[in-house]
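Enquirer:
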Amino acid sequence: MSDEKKELAKAYDPSAIEEKWAKHWVEERLFDVAAPAAGDPARAFTMLLPPPNVTGRLHMGHMLNQTEMDIMARWHRMSGERSLWVPGTDHAGIATQMMVEKQLATEGTTRQELGRDAFLERVWSWKKQYGGAITDQMRRLGASVDWSREYFTMDDDLSAAVIEAFVRLWEQGLIYRGAYIVNWDPVIQTAVSDLEVVHEERAGKLYHLRYPLADGSGSIVIATTRPETLLGDVAVAVNPTDERYLALQGKTLRLPLSGVNGGADREIPILADDWAQPEFGTGAVKVTPAHDPNDFAIGQRHNLPNLTILDKSAKVSLPGSPYDGLDRYAARERIVADLDALGLLVEVKDHAMSVGLSQRSGSVIEPRLSDQWFLKIQPLADKAIAAVKDGHIRFTPEMYEKTYFEWMGNIHDWCLSRQLWWGHRIPAWFCGSCSEITVARTAPTTCSKCGGTQLTQETDVLDTWFSSGLLPFTVFGWPGDGKATPDMAAFYPTDLLVTGFDILFFWVARMIMLGTHFMLDVPMPDGSPRTLAEAVPFKDVYIHALVRDADRQKMSKTKGNVIDPISIIERFGTDAVRFTLASMASPGTDIAFSEERTDGYRAFANKIWNSARFVFMNVDRAGEIGITVDLATLPAALKNVEGQPLETRWICSKLSGAAGAVEKALAEYRFDEAASAIYQFFWGDFCDWYLEIVKLRLDFSDTADKQATGAALTTLLAVFESALRLLSPFMPFLTEEIWHALYQGAAPAKSIALNRFPLASDAAADAESVSALERLQEVIVTVRGLRKEIGVPEKEATPVRIYGAATVVEMAAANSDVLAKMARVASVDIAREPLAGNGIRSTAAFDVQVVYDRVVDVVAERERLTKDLAKYEKGLQAAEKQLGNEAFIGRAPAHIVDGLKKQAAETRLLYDKTVAGLKELDALEG
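Quick note: the sequence shown, position 376, residue 571 per our numbering, numbers continuous.
1) In chain order, which beta strand (DSSP E) runs of at least 3 residues are fully inside the segment 224 to 307?
2) For the beta strand (DSSP E) that contains Thr385, what are its first and last residues?
3) What's the C-alpha gap between Asp235 and Thr640?
4) Looking only at DSSP bridge pairs, what is Thr447 linked to?
5) Thinking Thr241 and Phe866 are a contact (beta carbons under 8 angstroms), I'd like their distance in whole angstroms, please.
6) Out of Pro840, His607 and Pro782, state which residue places its alpha-carbon closest to the alpha-carbon of Leu968.
7) Enumerate, from N- to C-terminal direction, the unbroken beta strand (DSSP E) stretches of 3 or more residues contained entirely within the segment 1059 to 1110.
8) Among Glu1058, Val1020 and Gly1085, which residue has its Cα nearest to the Cα of Pro988?
9) Work out the CA separation of Ala870 and Met779 for me, nearest whole Å.
10) Could you tell me the boundaries of the beta strand (DSSP E) in which Arg589 lies?
11) Indicate whether Lys446 and Asp545 have their beta-carbon atoms separated by less than 8 angstroms.
12) Counting Cβ pairs closer than 8 angstroms, one from the segment 358 to 372 and one from the segment 529 to 546, do we hit at least three?
13) Using DSSP with H/G/I as helix, E/B as strand and the rest coil, what is Phe1041?
14) Who pairs with Ile997 in a beta bridge, going by DSSP?
15) Exposed or buried, which one is Asn498 when buried takes at least 16 other CB atoms within 10 Å?
16) DSSP three-state label for Trp624, please.
17) Should the segment 893 to 906 be regarded as contacting the segment 242 to 256, the criterion being three or more beta carbon pairs within less than 8 angstroms?
18) If you draw a straight line from the alpha carbon of Ala525 to that of Arg421, how long is it in whole angstroms?
19) Would you mind listing the alpha helix (DSSP H) stretches within the segment 644 to 712 that are 4+ residues and don't spill past its ends, in chain order?
20) In terms of residue numbering, what span does the alpha helix (DSSP H) encompassing Asn1033 cover?
21) Can you check the segment 899 to 939 for any alpha helix (DSSP H) of at least 4 residues that lies completely inside it and give the ranges in chain order?
22) Within the continuous beta strand (DSSP E) that includes Ser565, where are the two ends?
23) Do Trp568 and Gln292 count as a contact pair if the criterion is CB distance below 8 angstroms?
24) Have a look at Thr680 and Met706 and give me their C-alpha separation to the nearest angstrom.
25) Under a three-way DSSP split, which group does Ala1015 fall into?
26) Do the segment 976 to 991 and the segment 846 to 865 touch if we need at least three Cβ pairs shorter than 8 angstroms?
27) Got a sec, what are the start and stop residues for the beta strand (DSSP E) Met376 sits in?
28) Quick one: grab the DSSP three-state call for Lys1114.
29) Given a cut-off of 8 angstroms on the beta-carbon distance, is the pair Gly283 and Phe347 in contact?
30) Under a three-way DSSP split, which group does Arg1200 fall into?
31) What number of angstroms, rounded off, separates the C-alpha of Ile1091 from the C-alpha of Leu1078?
32) Helix, strand or coil: which one does DSSP assign to Thr330?
33) Return helix, strand or coil for Met548, following the three-state DSSP convention.
34) Taking 8 angstroms as the limit between beta carbons, can you name the residues of its chain near Ile580, skipping five residues before and five after?
35) Using the three-state DSSP reduction, which class does Thr843 fall into: helix, strand or coil?
36) Of the residues Leu1116, Thr784, Thr385 and Glu596, which one's Cα is nearest the Cα of Ser612?
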């Protein structure tokens, strides 16, 4: 494709170019990166894509993340680095299993009926059919990743690495198995991590229940929010300093309802424990170790039994009990009613409480005692904390560093096991003879302790975040043979991770812990020990913003304000959406995505397209009179500007400044500042000013000075081509199409993305020319304003007089042709004395007068101004009525109120100006 001659269509149509180039980039494998040969000096820049779920579809958060990553990948690639962006997808254990189970439900069957092997075959089949949707969308959006390295976390090599990591951690004594309280999702019926629990404030109840003393001497009232767990109580705890209960400590209570099957009520002790808070409820709390993490800790301290009364689906499991089989909430109602009937329900109070919800299913989390596999965190956490504290990893924005330290300092052991079938099955086998656990890399045939052959593999799988936490080194061949693989040597540590705050602890912290733990054992390519700085998984972490709707509301399906990026790019084009996101991506500030703003950047893309057509049209016109431009001379044209017209020196200097600003902004992850610098240069400096001025130099008549025209055309092409490269990481499709059209089949590279990114030093910087042209722009803008103010017809040229500093007046006189072109100036008269009369405007550096005798139809003008005045009065009255309504101001969104205030202020200015105009008419008549 790059060798074909191209012409630009008359109208800019993103749909006509984007899919074509996206497909071309993939087919040509333009962004594939191999490990460098020995001695290759090219620096590597490496990023790992946060792997989206294999079940996923692109959302605006993905679009922002991938836009920022692609900008960085393209910028570093164009800067001469070996830029590698590694893509992949996560097997998403819970999400994928839920998808397939829902599909099975529509067929009237379950995974249990299928059996494990058949179910896993079904999941793999589902993955093959539907799992590539999100990566197909990435290809369509032109993400410059190395698709030859695309991974799936259940690939054979990555799965083997996961098993190796687990076994090593077990051998190091860092993985253990035990019965502990976990967050249990009763819908999916698996443990979930603390990070997968979303807390929501809800209105609840605090129940005060009376427990009789076993000796009949009285009772004690306890306070609980969960009376349904009463049957699992094994004690009541009071604070050892609570004077109300000092005499009761050590006595026993009869547990209400525990004898409902005809036996005696079970007796439980009253014990002293600091966990009981005198100020909460009655100061006495029931202790149910199998169903509450704090109660479990009390049970551990006092050697209490653990009674599990709820099954995996959060239903009461007490055969023979009237509550057996009841859902936890139905059991609550029955138990409370039965206590009330026995006179043991003292009172029920409203009580606000934080309820934990499963992020996966939305169900209320049930704390549950179960056997799980855990990873000891603290040895790993110490190194992970040091990696950030010692500056080996940097967070942007910096505020997330504090958040990271706070979380890492209070981290708990990691529950690794999940009660699922889809995922990496834990490599542990239980002996049926002696109950020994054997953890091995391959399936053992005999028990490591007794030699028995009755071995059963653990049915649980590993938490998805365990395998994804290993990715920064497993994708480069770890464990290999214990040495750094060529890919590890070239690409580890990675340079940058771009991700969202929501997985800072899910993934980012765990990658740091696992990376610094495992990679410290991998020597450097030269055999030297690896330092902590060389073991970290990445050097920079950029936490991107949250994309909200135009009213700054968080997007959600419930609110109906979710924006589908695919539908947006179909309307506005990928480049416009990318530029919108980049222009609003300020660190630490959420993005209020606006279609209006996107439409504005669609107009920006159209402006660039039309400027390209103007440039190419003039190249064609030049060719007709024998003027050609050697494209190989373009770089020199940006530097050799001495003696060239003012606008040439100015535009080259502005290009130098823009390139420097973009370079600095991207180095600091200020995508918004980089986009702004490009926008201001391309639209403002180049299109609005330079293209208009340079038309004066592009003379294709028979009497043309061909050398001067050729020089102007060469500069025009040089600046435009360099500006395209500057824009390329932000708008890759548009720039690719135009760049190939510019070179007409003779491009110096297969893609603009493989060409060199502009540097500030590429173009001559000339501060004096910038100052001079800025003064000229000020004169032009002032004259334009004056002409409009005094009513000079648009096409009529007028003389101007100028008085001021020598630098200004001399510049104006020397560029009278530019003034004529840009401000309809017939002639420039340099005044020696201060100006007097009408049509004058003063600035800090000069006074200028437009010489024009205005003929005013007083009657018609008065009629027009009077109508305008009535309209503005009506607008002001309406605004004052709304802004004076306190009820309206109190409930209206802030942006609506601000808009009304701004509109009222603008209307007031127009009103005052109209009043002044009427007074001027009075003076003319008087």
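Ideal Cβ placement from N, Cα and C applies to all residues, glycine included.
Expert: In short:
1) 239 to 243 and 277 to 281
2) Thr385 to Val387
3) 48 angstroms
4) Pro464
5) That belief does not hold up - the Cβ atoms of Thr241 and Phe866 are roughly 19 angstroms apart, past 8 angstroms.
6) Pro840
7) none
8) Val1020
9) 9 angstroms
10) Arg589 to Thr591
11) no
12) Contact annotation: the segment 358 to 372 does not touch the segment 529 to 546, with fewer than three C-beta pairs closer than 8 angstroms.
13) strand
14) Its beta-bridge partners are Ile1025 and Val1043.
15) exposed
16) strand
17) Cβ pair count under 8 angstroms is below three, so no.
18) 12 angstroms
19) 659 to 664, 666 to 669 and 681 to 686
20) Asn1033 -> no alpha helix (DSSP H), and no H or E assigned at all.
21) 901 to 922 and 927 to 938
22) Glu561 to Leu570
23) no
24) 19 angstroms
25) Helix at Ala1015.
26) They do not touch, by the three-pair rule.
27) Residue identity check: residue 376 is Ile in the sequence provided, not Met. Ile370 to Asp380 is the span of the beta strand (DSSP E), which, as asked, contains Ile376.
28) helix
29) Yes, the Cβ-Cβ distance between Gly283 and Phe347 is below 8 angstroms.
30) No information on residue 1200 is available, as it lies outside the stretch 196 to 1121 that the chain covers here.
31) 11 angstroms
32) helix
33) Under the three-state reduction of DSSP, Met548 is assigned to strand.
34) Phe600, Met603 and Gly604
35) helix
36) Measuring from the Cα of Ser612, the nearest candidate turns out to be Thr385.
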